[in-house]
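Protein chains in written order, with the numbering used here: chain A, 7 to 309; chain B, 40 to 177.
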Amino acid sequence: MDTLVTITVVSDSKDNAEKAIDAAFTEIEILDKLLNFYSHDSEIANINNQAGISGVKVSADVFEVLNKTLYVSEMTEGAFDVTIGPVSMLYDFHKKIKPSEYGIKKNLQLVNYRYLVLDKDTSTVFLMKKGMLVDPGGITKGFAADKAVEVLKKRGIHSGLVSVAGDIKTFGLKPDGKPWKIGIRDARAVDKEDDVMGTIELKDMAISTSGDYERFFILDGQRYHHLLNPKTGYPALGCRSVSVITSEAVFTDAFATGAFVLGPEKGLKLLERLEFEGVIVDNQGKIYVTAGLRGKIELKKSF
Amino acid sequence: MLPPASEEKLSLKNLFSSTTTADKILFSVLILLSLSGIIFMREALSRSETVRIEVDGQPEYLLPLDKNRVVPVKGPKGTTCVEIKDHKVRVTESPCHNKLCMQQGWVSNGAIVCLPNRVVVIVGNHGKHHKTADAITG
Chain A
7 MDTLVTITVV SDSKDNAEKA IDAAFTEIEI LDKLLNFYSH DSEIANINNQ
57 AGISGVKVSA DVFEVLNKTL YVSEMTEGAF DVTIGPVSML YDFHKKIKPS
107 EYGIKKNLQL VNYRYLVLDK DTSTVFLMKK GMLVDPGGIT KGFAADKAVE
157 VLKKRGIHSG LVSVAGDIKT FGLKPDGKPW KIGIRDARAV DKEDDVMGTI
207 ELKDMAISTS GDYERFFILD GQRYHHLLNP KTGYPALGCR SVSVITSEAV
257 FTDAFATGAF VLGPEKGLKL LERLEFEGVI VDNQGKIYVT AGLRGKIELK
307 KSF
Chain B
40 MLPPASEEKL SLKNLFSSTT TADKILFSVL ILLSLSGIIF MREALSRSET
90 VRIEVDGQPE YLLPLDKNRV VPVKGPKGTT CVEIKDHKVR VTESPCHNKL
140 CMQQGWVSNG AIVCLPNRVV VIVGNHGKHH KTADAITG
């Protein structure tokens, strides 16, 4: 996944802890092999290669991820769309490449989650139009965190934390009996990855943050980041960062992206409707917090 | 009631004559210790940016980023050489097969991971977030 994964577990046996952590890392590696958009032999690559041609039989994990993306797409009215691939591949955030308007318009016609067909009985996935691409990058890290925690629990671990590049799933309590304390990165703390805007305590909960500072470049005074609006093909402009809290990291990951694209007001309403918690920083730096989180989140600045 | 202290008793001369050589050595050591403590603290406080090296998940080194040096790190497969120079860090030698860690080149903020030899080098501002939180999202 080309990202930093940290796994922390609580156990009275160092040996057990290490074995469990190894197994969890292996699980994440397996998932990465299946779900990697950029590799040529992942199941995702298979699906994309067969777009407009035929359905592809996939493993249970890949089916589950794609099935969940459809749920998130429905709930966000397409603000999260796993078929963003043809547009997202036009951007290169390392080389600071902004696609042409023509290119975006052309490829945008291939972006529509309704053309992604899943058949549960045969476990096959079919992209209806040639040239369509599923890019599950907005959901795989959270999914991997959930699955890693499942592996740890199966190995008898009762408490721990898995962070896949900031998509965090916690379970149980720390040895001191306290919940896990998670810092939310400050969206405008340049080059200081450890600068947080606030902290929140979590028990058996997951948290993810989508921010316009993760992968971006600035061209002609305009910030181009990786959170693309599937309706326009351009980076969504309403927010600086969105953090989402619920029990599953697969949903915190995807809905953080979805809410980010929707913008602060609609995003907050969505989180409230789903009975998720969350913190949204809009493009002016104003902070919005879901009702259930007030008093539970420690913010450095008042809001 | 204590007797009033006489001038003579407080004078430096008197003090020196009543101290033994052992006392003097003890005083010198104490003064040296406190001085080195101040210097050490200054050093420790000034290094906001550090290099943390872990082997198999265990922290092995915590080094300042502003001191050039080469650190041989022993892992299960052999020695991984980590070079710190001009606020940047790289892996110069590694017993691993694909040498991905070496190919990563110089890093000034972030991490170099050598999975085969279980060596993780983390460069950046440490300490702070470990006090305030167990993990960071974002």
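Built from N, CA and C at the ideal position, the CB exists for glycine as well. Note that the structure is predicted; figures quoted are calculated from it, not measured.
Can you pull the chain A residues whose beta carbon is under 8 Å from the beta carbon of residue i, in chain order?
| i | result |
| --- | --- |
| A150 (chain B) | L10 |
Skipping 5 residues on each side, what residues in its chain have a beta carbon closer than 8 Å to that of residue i?
| i | result |
| --- | --- |
| A171 (chain A) | M7, T9, L10, V11 and K147 |
| I70 (chain B) | none |
| E299 (chain A) | The amino acid occupying residue 299 (chain A) in the given sequence is Leu; Glu does not appear at that position. Once the five neighbours on either side are set aside, the close Cβ partners of L299 (chain A) are I206, I251, E283, G284 and V285. |
| E24 (chain A) | none |
| F31 (chain A) | V11, I13 and A154 |
Answer with buried or exposed for residue i, where buried requires no fewer than 16 other C-beta atoms within 10 angstroms of its C-beta.
| i | result |
| --- | --- |
| N73 (chain A) | exposed |
| F86 (chain A) | buried |
| R246 (chain A) | buried |
| L139 (chain A) | buried |
| E33 (chain A) | buried |
| E49 (chain A) | buried |
| D141 (chain A) | buried |
| F309 (chain A) | Residue placement at F309 (chain A) is poorly supported in this model, since its pLDDT is 47, which falls under 50; the coordinates still yield a value, given next. By the 10 Å Cβ count, F309 (chain A) comes out exposed. |
| E83 (chain A) | exposed |
| Y108 (chain A) | exposed |
| W145 (chain B) | exposed |
| F55 (chain B) | exposed |
| F149 (chain A) | buried |
| V128 (chain B) | buried |
| Y230 (chain A) | buried |
| N55 (chain A) | exposed |
| F66 (chain B) | exposed |
| A174 (chain B) | buried |
| K153 (chain A) | buried |
| A242 (chain A) | buried |
So which residues of chain B does residue i contact, with C-beta pairs closer than 7 Å?
| i | result |
| --- | --- |
| T215 (chain A) | T176 and G177 |
| I59 (chain A) | Neighbours of I59 (chain A) on chain B: none; closest Cβ ~35 Å, over 7 Å. |
| I174 (chain A) | A174 and T176 |
Quick one: list the residues of chain B neighbouring residue i, beta-carbon separation under 8 Å, in chain order.
| i | result |
| --- | --- |
| R191 (chain A) | I175, T176 and G177 |
| L327 (chain A) | Chain A is shown only over 7 to 309; residue 327 (chain A) falls outside these bounds and no answer can be derived. |
| I311 (chain A) | Outside the displayed range of chain A (7 to 309) lies residue 311 (chain A), so it cannot be described from this structure. |
| S247 (chain A) | G177 |
Can you tell me where the alpha helix (DSSP H) with residue i in it begins and where it stops?
| i | result |
| --- | --- |
| Q290 (chain A) | Here Q290 (chain A) belongs to no alpha helix (DSSP H), and DSSP marks it neither H nor E. |
| R279 (chain A) | P270 to L280 |
| Y77 (chain A) | A66 to M81 |
| D125 (chain A) | Unbroken run through D125 (chain A) is the beta strand (DSSP E), L122 to D125; no alpha helix (DSSP H). |
| G91 (chain A) | G91 to S94 |
| I36 (chain A) | K20 to L41 |
| Q142 (chain B) | L139 to Q142 |
| E189 (chain B) | No information on residue 189 (chain B) is available, as it lies outside the stretch 40 to 177 that chain B covers here. |
| A150 (chain B) | No alpha helix (DSSP H) holds A150 (chain B); the beta strand (DSSP E) holding it covers G149 to C153. |
| I110 (chain A) | E107 to L114 |
Of the choices the options, whose alpha-carbon is the least far from that of residue i?
| i | options | result |
| --- | --- | --- |
| L154 (chain B) | B:K138, B:S56 and B:P111 | B:K138 |
| L167 (chain A) | A:D182, A:A151, A:K160 and A:R161 | A:A151 |
| G301 (chain A) | A:I206, A:D67 and A:V78 | A:I206 |
| G137 (chain A) | A:T89, A:P181, A:K101 and A:L124 | A:T89 |
| S92 (chain B) | B:M141, B:P111, B:K106 and B:N107 | It is worth fixing the name first, because residue 92 (chain B) is Ile in this sequence and not Ser. Considering only alpha carbons, the answer is B:P111. |
| A255 (chain A) | A:D192, A:V64, A:V71 and A:K126 | A:V71 |
| E281 (chain A) | A:L268, A:N289, A:T258 and A:Q290 | A:T258 |
| K237 (chain A) | A:I13, A:G264 and A:V202 | A:G264 |
| F69 (chain A) | A:I145, A:K275, A:H231 and A:L208 | A:I145 |
| K135 (chain A) | A:P105, A:G91, A:D173 and A:S129 | A:G91 |
| M81 (chain A) | A:N289, A:G273 and A:V295 | A:G273 |
| D210 (chain A) | A:D38, A:K159 and A:S216 | A:K159 |
| Y121 (chain A) | A:L179, A:I59 and A:E271 | A:I59 |
| F266 (chain A) | A:T215, A:Q290, A:D226 and A:S19 | A:T215 |
| K184 (chain A) | B:A172, B:T176 and B:N53 | B:A172 |
| R191 (chain A) | A:Y219, A:E35 and A:K101 | A:Y219 |
Counting only Cβ pairs nearer than 7 Å, list the residues of chain A close to residue i.
| i | result |
| --- | --- |
| A172 (chain B) | K187, I188, G189, V202 and T205 |
Please report the residue range of the beta strand (DSSP E) in which residue i lies.
| i | result |
| --- | --- |
| S165 (chain A) | S165 to V170 |
| M203 (chain A) | V202 to L208 |
| F132 (chain A) | T130 to L133 |
| I251 (chain A) | C245 to T252 |
| A212 (chain A) | A212 to G217 |
| I50 (chain A) | Careful: I50 (chain A) lies outside any beta strand (DSSP E), inside the alpha helix (DSSP H) at E49 to N55. |
| K147 (chain A) | That residue, K147 (chain A), is in no beta strand (DSSP E); its alpha helix (DSSP H) goes T146 to K160. |
| K175 (chain B) | Reading the sequence as shown, one finds Ile at residue 175 (chain B) and not Lys. That run of the beta strand (DSSP E) goes A174 to T176. |
Who are the Cβ neighbours of residue i in its own chain at under 6 Å, not counting the five residues just before and after it?
| i | result |
| --- | --- |
| E304 (chain A) | G204 and T205 |
| D95 (chain B) | R157 |
| V155 (chain A) | V168, K175 and F177 |
| E132 (chain B) | C120 |
| V287 (chain A) | A193, R246, S247 and I293 |
| H169 (chain B) | In this predicted model, H169 (chain B) has a pLDDT of only 47, less than 50, meaning its place in the structure is not dependable enough to derive any value. |
Once the 5 residues before and after residue i are set aside, which same chain residues still bring their CB inside 7 Å of it?
| i | result |
| --- | --- |
| V93 (chain A) | I110, N113, L114, V117, L234 and G239 |
| D21 (chain A) | none |
| N42 (chain A) | S48 and I50 |
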